[in-house]
Amino acid sequence: MHRETIHASPSWRRGPSWHDCVFFKRDPMLTRMQGLDVVRILLFFSFTFQDLLYPCALVHWFSKVQEWPDNLTSMWMVSPDFNEDLSPTTEVIHLDCILWATHLLPVFGDDRISWQILFHNSLDAFASFYVNKFIDHHTFGLAS
1 MHRETIHASP
11 SWRRGPSWHD
21 CVFFKRDPML
31 TRMQGLDVVR
41 ILLFFSFTFQ
51 DLLYPCALVH
61 WFSKVQEWPD
71 NLTSMWMVSP
81 DFNEDLSPTT
91 EVIHLDCILW
101 ATHLLPVFGD
111 DRISWQILFH
121 NSLDAFASFY
131 VNKFIDHHTF
141 GLAS
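Using UniProt numbering, the letters of the sequence shown map in sequence onto residues 1 to 144.
So this is what it looks like as structure tokens:
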């Protein structure tokens, strides 16, 4: 059985926040990335309704930039979703819909990168990301 820790913390070890990204199982009938979305975990919580416990997460949605991997890198590209008022597109999901963590690489472009961009704010600083399929063999099989 595979086990990993997924973080959603407003402050990690008295430092900046830590919010991991994960694969969300959107459609189990579709294979690989066609049936998956990428979300950023903002908050874990649970509630009880009619004596049933529902473990949930508040997530920020990412959308695929195109419906196929990038021709140059062979990696899928995603970008964070925003509402008309530029607030993040968020939703509550059930934890059973989370497949496992994913690693996103910024699409850097041609401009210089500010020295102020660090690990904790890079997901907020860039407009699009590559889904790093080379991070492990599970992700390679899923995101190829």
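Glycine residues also receive a C-beta, built at the ideal position from the N, C-alpha and C atoms.
Here's the rule I'm using: 16 or more other beta-carbon atoms within 10 Å means buried, otherwise exposed. How should residue i be labelled?
i           : result
residue 143 : buried
residue 137 : exposed
residue 30  : exposed
residue 92  : exposed
residue 104 : buried
residue 115 : exposed
Which two residues bound the contiguous alpha helix (DSSP H) that contains residue i?
i           : result
residue 143 : 137–143
residue 122 : 122–125
How far does the beta strand (DSSP E) with residue i in it extend, from its first residue to its last?
i           : result
residue 63  : 52–64
residue 106 : 104–106
residue 46  : 36–49
residue 23  : 21–25
Counting only the same chain and skipping the five closest in sequence on each side, list residues whose C-beta sits under 6 Å from that of residue i.
i           : result
residue 140 : 133
residue 120 : 16
residue 24  : 37, 39 and 97
Give me, in chain order, the residues of the same chain whose beta-carbon lies closer than 8 Å to that of residue i; leave out the 5 immediate sequence neighbours on both sides.
i          : result
residue 90 : 42, 58, 59, 60 and 61
Considering only DSSP beta bridges, list what residue i is partnered with.
i          : result
residue 82 : 88
With a cut-off of 8 Å, does the C-beta of residue i fall near any C-beta of chain B?
i           : result
residue 142 : Chain labels in this structure do not include chain B; a single protein chain is all it has.
request  = Pair every Cβ in the segment 41–51 with every Cβ in the segment 122–139, then say whether three or more of these pairs are closer than 8 Å.
outcome  = With a cut-off of 8 Å on Cβ pairs, the segment 41–51 is not in contact with the segment 122–139, counting fewer than three such pairs.
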